[in-house]
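Going by the working numbering, the first residue of the sequence shown is number 21, and it counts up by one from there.
Written out below as structure tokens is the structure these notes cover.
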Amino acid sequence: MGEMAKYKGEAVKIGTCEMMYYLRYEDRNLVTAMPNNVDPMRETGLFYRLPLPEEDGFGPGNYDDYQPFIDYENGAYRINSMCRLDNSHPALVEGPDNPGMIQTTVQPLGMTISLTCYHGLSLNEDSEGIRFSWNGKRDALALSYLKDTGTELRICVSCVGCGHMWSFGWNEIEGAIINPIMKERIQKLCSDYKAQRKVTTVTAETV
21 MGEMAKYKGE
31 AVKIGTCEMM
41 YYLRYEDRNL
51 VTAMPNNVDP
61 MRETGLFYRL
71 PLPEEDGFGP
81 GNYDDYQPFI
91 DYENGAYRIN
101 SMCRLDNSHP
111 ALVEGPDNPG
121 MIQTTVQPLG
131 MTISLTCYHG
141 LSLNEDSEGI
151 RFSWNGKRDA
161 LALSYLKDTG
171 TELRICVSCV
181 GCGHMWSFGW
191 NEIEGAIINP
201 IMKERIQKLC
211 SDYKAQRKVT
221 TVTAETV
């Protein structure tokens, strides 16, 4: 279901269900909720677009790609350099322990192959008639979204192979974020969120 909002007087699509694909967390106050649509200023549990520098100034609803953390270059999908993570970081090695599923097709045979995805952390075991090996192994885990839980702004990590997603607190994932610009931006958002929650809590307690 598409979620719509008003931005500068125009109706724009900001996401689908809880996924705010076309809205940054810091831009929530720029849109006005429409009837029977999600209200980002009031509702929690929503996932927001990352603040990528190359998209500064686009504005809510004006983004082309719903997954900007994945680039398509020279016939291959790659993780956007701004969203790269150190996949050897303990949080990523120990955290994503639930496997996903990847499907691929052999069109000339009309065959579909389903494979368990270990998110690049380990290779599938060989079995009868099937062999696995790395061929130019790439990292699978990337920064993907920010999630407003209502008590914390959490950093989401997605497997670009199967799409599985996990969320981490800032202190858990900080050391895995490679790009210094993204690290600074996300840290500020998390810090501002925490400060705002503290103000709100104190106000609520003193009324």
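C-beta: ideal position from N, C-alpha, C; glycine also.
According to the DSSP assignment, residue 163 belongs to the beta strand (DSSP E) that extends over 161 to 168. Excluding five sequence positions before and after residue 100, the CB atoms of its chain that fall closer than 8 Å to its own CB belong to 72, 88, 89, 90, 91 and 162, given in chain order. When C-alpha distances from residue 173 are compared across 212, 136 and 144, the shortest belongs to 212. Across the structure, residue 104 and residue 199 are spaced so that their CA atoms are roughly 7 Å apart. The C-alpha of residue 142 is placed about 18 Å away from the C-alpha of residue 196. Burial state of residue 68 is buried, judged by a 10 Å Cβ sphere holding 16 or more other Cβ atoms.
For the pair residue 218 and residue 168, the Cα-to-Cα distance works out to about 15 Å.
Under DSSP, residue 104 shares a beta bridge with 162. Two segments are said to touch when three or more pairs of C-beta atoms, one from each, lie closer than 8 Å; by this definition the region 39 to 47 touches the region 72 to 84.
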